[in-house]
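Heads up, the thing below is written out as structure tokens.
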Amino acid sequence: MLALRSLAFNICFYAVTTVLAVAGLPTLISGRAVLRLARLWGRITLWLLEAVAGTRVEFRGLENIPPGPLLVAAKHQSALETLALCTVLPNFAYILKRELLLIPLIGWYLSRSGMVAIDRSKGTRAMSLMNAAAVEAIRQGRQLIIFPEGTRRPVGAEPAYKQGLSHLYAALQVPCLPVALNTGLFWSRNSLVRRPGTAIIEFLPTIPPGLPRQAFQALAQERLETASNALVDGGVQGLAAAGHPVPAADAPATAAPRR
């Protein structure tokens, strides 16, 4: 049954994505229109995920989201949080690798909506280019979303935070909103399985601007890891109790100590 529900959801998801990508081409005349289309895509996906796969997304700590420009630092375990965050942050902009802009059709939407692209081929100059684009996004009142570890990480993996987070924090001088989650338990990183249950995305209290870079980096990592580990532990227990134990390939890493 799990395999059938996962298959049904994936068929629906890719069908909806294709239809919206084609039907939404007129929105390319406006960056705001593209953001509205992205929010619609995210909401439809979350509805399908619950209706077909039995996976509900619960948002916690919404009261911690302040108005105005913001640096959002989120754990990254799956594609689910990428879809879900754009349903609750009205003026979002992701920091992403430039290669994504080269994808036909999808790249057009990313470019038009003002995402901040990192061109890694530029070497050390990439950071200054990213910084300039990020400052402009903040000037426009955007909620700038960064995945501090740079890529999707296995659930419970040893932290691998990059310095780009503290670099942006120091440059932008806006509050940082940490986002903890356990989505990787339900939307597998390297498979098409979608496990039923409640995936949690939690917005933690903001970190005010002005801290020294090293102190901020340590604080952000500690908050994200502590909260995410707690959510993962609860999610594993809930899945086991419901008869959907997490396979070893997707289970939290236990060999390395958690920080």
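Note that the working numbering has the sequence shown beginning at 59, numbered continuously upward.
Every residue gets a Cβ at the ideal spot worked out from N, C-alpha and C, and that includes glycine.
- The beta carbons of L95 and L78 sit closer together than 8 Å.
- Here the alpha carbons of R271 and G301 stand approximately 44 Å from one another.
- Residue state for C234 is assigned as strand, using DSSP reduced to three classes.
- CA-CA distance, A238 to P303, rounds to 22 Å.
- By the neighbour-count criterion, in which a residue is buried when 16 or more other Cβ atoms sit within 10 angstroms of its Cβ, M188 is buried.
- I259 and N240 have their C-alpha atoms roughly 7 Å apart.
- Linking I123 to L235 through their CA atoms gives a straight-line distance of about 7 Å.
- With respect to K155, R183 sits apart: the two C-beta atoms are not nearer than 8 Å.
- When DSSP states are grouped into helix, strand and coil, E194 belongs to the helix group.
- Across the structure, K133 and Q279 are spaced so that their CA atoms are roughly 10 Å apart.
- By the C-beta density criterion, M173 is buried, having at least 16 other C-beta atoms within 10 angstroms.
- For R114, the secondary structure class from DSSP, reduced to helix, strand or coil, is strand.
- Sequence-distant partners of G112 (beyond 5 residues in either direction) whose C-beta falls short of 7 Å from its own C-beta, in its chain, are R63 and P254.
- Taken atom to atom, the span from the alpha-carbon of L282 to that of V251 is near 25 Å.
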